[in-house]
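Asker: Positions 1 to 281 (the UniProt record's numbering) are the ones given, in order, by the sequence shown.
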Amino acid sequence: MDAPELEGIEVDVFVQALQKRHGYDFSQYAPASLKRRVRQLASQFQCKTISHLTERMLHEPELLPRVLEGLTVPASDMFRDPAVFRTLRENILPLLASYPHINIWQAGCAHGQEVYSLAILLEEAGLYERTQIFATDLSDRALQHASEGIYPVKDAQQWSRNYQASGGGQSLADYCSAGYNLIKLNQRLRRNVTFAMHNLATDGVFCEAHLILCRNVLIYFSNSLQDRALSLFRDSLVRSGFLCLGLRENLELASTARDFAPFIEPMRIYRVASHVETLSA
Ligand SMILES: C[S@@+](CC[C@H](N)C(=O)[O-])C[C@H]1O[C@@H](n2cnc3c(N)ncnc32)[C@H](O)[C@@H]1O
C-alpha cells in the first residue's frame with residue numbers, strides 16, 4: 001500500500017474517532033480539502049502522523065475547540081463581497097420591509113463579521129427594530145468570538161472600503177470603537193441577534209426565516225451534505241423566502257435545485273421555487 005492510500009485510511013479513522021468521541025460528523029465533507037486540513041492540524045499539533053493526531057484528539061478533550069477551528073476555517077470579513085451586500089440593501093431588504101416581523105438565519109456565521117454587517121444594513125434601512133437575526137455555527141469558539149465582536153484593527157481599512165462599496169452612507173467608524181490595535185463593534189448592533197450552536201450536518205430545521213444567508217460553507221461539503229443543508233434551508237424558509245449563498249457556490253449539482261429558483265443569480269440569491277420572478281442584476 002502506498003503512502004497516500006495509507007494516509008486516506010488514517011483520515012477516515014480520524015473522522016470516525018471524532019464522531020464517536022465528540023459527536024461531530026465530518027464524514028460528508030469534501031474529501032480533498034478535509035484531508036488538507038487534517039494534515040495541517042497534525043502539523044499544528046506537532047504530530048508526525050494523522051494517527052498520532054487521532055490519539056491526541058481522543059485522549060485530550062481540551063483540544064477539541066482547536067480541532068474544530070482547524071477543520072472548519074472560520075475566516076470571514078465585514079461586507080465580504082460588497083456587491084452582494086449592496087444587492088441585499090437595494091433589492092432584498094425593500095421586499096422584506098413588507099413583513100411586520102423579519103427573521104434572518106445566518107448559518108455558518110464564523111467570527112460574526114457578516115452578522116454585524118447585516119445588522120448595520122438593517123439599521124440603515126430602518127428595519128432592525130423588527131428583525132431577529134439567528135446566527136449559528138458548529139463551533140462554540142467561533143460563536144464566542146462572534147458575540148464579542150472584537151477584531152484586529154488592521155482589518156478595519158478594508159472593511160471600511162467594503163462598507164462604502166456596499167452603499168453605506170456613513171462611516172464604519174460610527175459603528176465601532178478602537179483601542180489596543182483592536183476594534184470592537186458597537187454592542188447595540190447585537191441587540192436583536194441570537195447566537196446558537198447548530199450543525200448543518202446533523203441538526204434539524206432551525207427557525208422560520210424570511211432570508212437565509214449561508215455563504216462560503218457549502219463549498220466545504222460533499223454533494224449529499226450540500227443537499228441536506230439545502231433541504232433544511234428550504235424547510236426553514238417562509239413562502240417566497242430568500243436564500244443567499246457564497247459567490248463560489250451554486251445549486252447546479254444539487255438535487256434540491258428544483259426547490260429554488262434564481263432571483264439574482266450573479267449574487268447567488270435564490271427564492272423558494274413557487275414564487276419567482278428573476279431580476280437581472
Ligand atoms: C469560511 S467560514 C464562512 C463565514 C461567513 N459565512 C462568510 O462567508 O464570510 C465557514 C464557517 O462555516 C462553519 N461550518 C462548517 N461546517 C459547518 C456545519 N456543519 N454546520 C454549521 N456551521 C459549519 C465553520 O465553523 C465556519 O465558521
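Just so you know, even glycine gets a beta-carbon here, dropped at the ideal spot from N, CA and C.
1) Helix, strand or coil for His275 per DSSP?
2) Considering only C-alpha positions, which residue in the set Gln44, Glu90 and Thr49 is nearest to Glu7?
3) Distance, Cα to Cα, Gly70 vs Ala196?
4) Is it right to say Lys20 is buried, meaning 16 or more other beta carbons lie within 10 angstroms of its own, or is it exposed?
5) When the Cα atoms are used, what is the spatial distance from Cys109 to Arg190?
6) Where Arg188 and Leu172 are concerned, what is the direct C-alpha to C-alpha distance, given to the nearest angstrom?
7) Consider the C-beta atom of Asn186 and the heavy atoms of ligand 1; say whether any pair is separated by less than 8 Å.
8) Is the beta carbon of Glu249 sitting closer than 9 Å to the one on Ile219?
9) Tell me whether the beta-carbon of Ala229 lies closer than 9 Å to the beta-carbon of Asp25.
10) Under the criterion of a Cβ to heavy atom distance below 8 Å, does Cys214 qualify as lining ligand 1?
11) Mind the definition here: the segment 129-138 touches the segment 98-113 only if three or more C-beta pairs lie below 8 Å; say whether that holds.
12) Would you check if there are 3 or more beta carbon pairs closer than 8 Å linking the segment 231-238 to the segment 203-211?
13) Identify every run of the alpha helix (DSSP H) within the segment 12-69, keeping only runs that are complete inside it and at least 4 residues long; order them along the chain.
14) Distance check for His22 and Phe263, CA to CA, integer angstroms please.
15) Using 8 Å as the threshold, is the segment 61-76 in touch with the segment 139-150, meaning 3 or more CB pairs across them?
16) Please state whether DSSP places Ser280 in a helix, a strand or coil.
17) Is Val217 a contact residue of ligand 1, with contact defined as CB to any heavy atom under 8 Å?
18) Could you check if Glu114 belongs to the surroundings of ligand 1, using beta carbon to heavy atom distance under 8 Å?
19) Assign Val153 to one of two classes, buried (16 or more other C-beta atoms within 10 Å of its C-beta) or exposed (fewer than that).
20) Do Ala165 and Ala83 have their beta-carbon atoms positioned less than 9 Å apart in this structure?
21) Does the Cβ-Cβ distance between His145 and His111 come in under 9 Å?
22) Between which two residues does the alpha helix (DSSP H) carrying Asp137 extend?
23) Could you please give the first and the last residue of the uninterrupted alpha helix (DSSP H) stretch that includes Phe242?
24) Check this for me: beta carbons of Leu185 and Arg215, under 9 Å apart or not?
25) Which residue's Cα is closest to the Cα of Pro100: Leu34, Leu213, Ala42 and Tyr128?
26) Whose C-alpha, out of Leu211, Thr256 and Ser224, is nearest the C-alpha of Leu93?
27) What is the C-beta distance between Ile150 and Leu122, in whole angstroms, given that I count them as a contact (C-beta under 8 Å)?
28) Going by the DSSP bridge assignment, what does Ala261 pair with across the sheet?
29) Given a cut-off of 9 Å, decide if Phe260 and Ala251 are closer than it, judged by their beta-carbon atoms.
30) In angstroms with no decimal places, state the Cα-to-Cα distance between Ser76 and Gln44.
Answerer: Reading it off the structure:
1) Reading the sequence shown from its first residue, position 275 is the one you call residue 275. For His275, the predicted model reports a pLDDT of 44, less than 50, meaning its position is unreliable; a value from the coordinates is still stated below. Coil.
2) Position 7 of the sequence shown, counted from the first residue, corresponds to residue 7. Out of Gln44, Glu90 and Thr49, Thr49 has the C-alpha closest to the C-alpha of Glu7.
3) Here residue 70 is taken as the residue at index 70 of the sequence shown, counted from 1. Here residue 196 is taken as the residue at index 196 of the sequence shown, counted from 1. Their backbone Cα atoms lie some 20 Å apart in a straight line.
4) By one-based count along the sequence shown, residue 20 stands at place 20. Classification of Lys20: exposed, given that the 10 Å Cβ count is below 16.
5) The count along the sequence shown starts at 1 and reaches residue 109 at position 109. The count along the sequence shown starts at 1 and reaches residue 190 at position 190. When rounded, the distance between both Cα atoms is 13 Å.
6) Residue numbering aside, residue 188 sits at position 188 when the sequence shown is read from its first letter. Residue numbering aside, residue 172 sits at position 172 when the sequence shown is read from its first letter. Approximately 14 Å, taken between the alpha carbons.
7) For the purposes of this step, residue 186 is identified with residue 186 of the sequence shown, where counting begins at 1. Checking the Cβ of Asn186 against ligand 1 gives no.
8) Reading the sequence shown from its first residue, position 249 is the one you call residue 249. Reading the sequence shown from its first residue, position 219 is the one you call residue 219. Cβ atoms of Glu249 and Ile219: closer than 9 Å.
9) On the sequence shown, residue 229 is found 229 positions in, with the first residue counted as 1. On the sequence shown, residue 25 is found 25 positions in, with the first residue counted as 1. For Ala229 and Asp25, no; Cβs fall outside 9 Å.
10) Within the sequence shown, residue 214 is the residue found at index 214, counting from 1. Within the cutoff, so yes.
11) yes
12) yes
13) 31-44 and 50-59
14) By one-based count along the sequence shown, residue 263 stands at place 263. By one-based count along the sequence shown, residue 22 stands at place 22. So the alpha carbons of these two residues sit roughly 39 Å apart.
15) yes
16) Position 280 of the sequence shown, counted from the start, is the residue given in the question as residue 280. In this prediction, Ser280 has a pLDDT of 48, which is less than 50 and means its spatial position is unreliable; what the coordinates show is noted afterwards. The answer is coil: DSSP assigns Ser280 none of H, G, I, E or B.
17) Within the sequence shown, the letter at position 217 stands for residue 217. Val217 Cβ: within cutoff of ligand 1.
18) Position 114 of the sequence shown holds residue 114. Under cutoff, so the answer is yes.
19) On the sequence shown, position 153 is the one that residue 153 refers to. Val153 should be labelled exposed.
20) Along the sequence shown, read from residue 1 onward, the residue named residue 83 stands at position 83. Along the sequence shown, read from residue 1 onward, the residue named residue 165 stands at position 165. Yes. Within cutoff.
21) As a working mapping, residue 145 is identified with position 145 in the sequence shown. As a working mapping, residue 111 is identified with position 111 in the sequence shown. Yes, these two residues count as a Cβ contact at 9 Å.
22) As a first step, residue 137 is located in the sequence shown; it is residue number 137 there, counting from the start. Per DSSP, Asp137 belongs to no alpha helix (DSSP H); it is in the beta strand (DSSP E), Thr131 to Asp137.
23) Position 242 of the sequence shown holds residue 242. Segment Leu237 to Leu245 is the beta strand (DSSP E) holding Phe242; no alpha helix (DSSP H) there.
24) Sequence index remark: in the sequence shown, residue 185 carries index 185 (1-based). Sequence index remark: in the sequence shown, residue 215 carries index 215 (1-based). No, they are not a contact pair.
25) Counting from one through the sequence shown, the residue named residue 100 turns up at place 100. Comparing Cα-Cα distances from Pro100 to each of Leu34, Leu213, Ala42 and Tyr128, the minimum goes to Tyr128.
26) As a position in the sequence shown, residue 93 is number 93, starting the count at 1. Nearest of Leu211, Thr256 and Ser224 to Leu93, Cα basis: Leu211.
27) Position 150 of the sequence shown, counted from the first residue, corresponds to residue 150. Position 122 of the sequence shown, counted from the first residue, corresponds to residue 122. About 21 Å separates the two Cβ atoms, so there is no contact after all.
28) Here residue 261 refers to the residue found at position 261 when the sequence shown is read from its first residue. Ala261 is bridged to Arg271.
29) As a working note, residue 251 is residue 251 in the sequence shown. As a working note, residue 260 is residue 260 in the sequence shown. Residue 251 is actually Leu in this sequence, not Ala. Yes, Cβ-Cβ distance for Leu251 and Phe260 is below 9 Å.
30) For the purposes of this step, residue 76 is taken as the residue at position 76 of the sequence shown. For the purposes of this step, residue 44 is taken as the residue at position 44 of the sequence shown. Taking the straight line from one Cα to the other gives about 21 Å.
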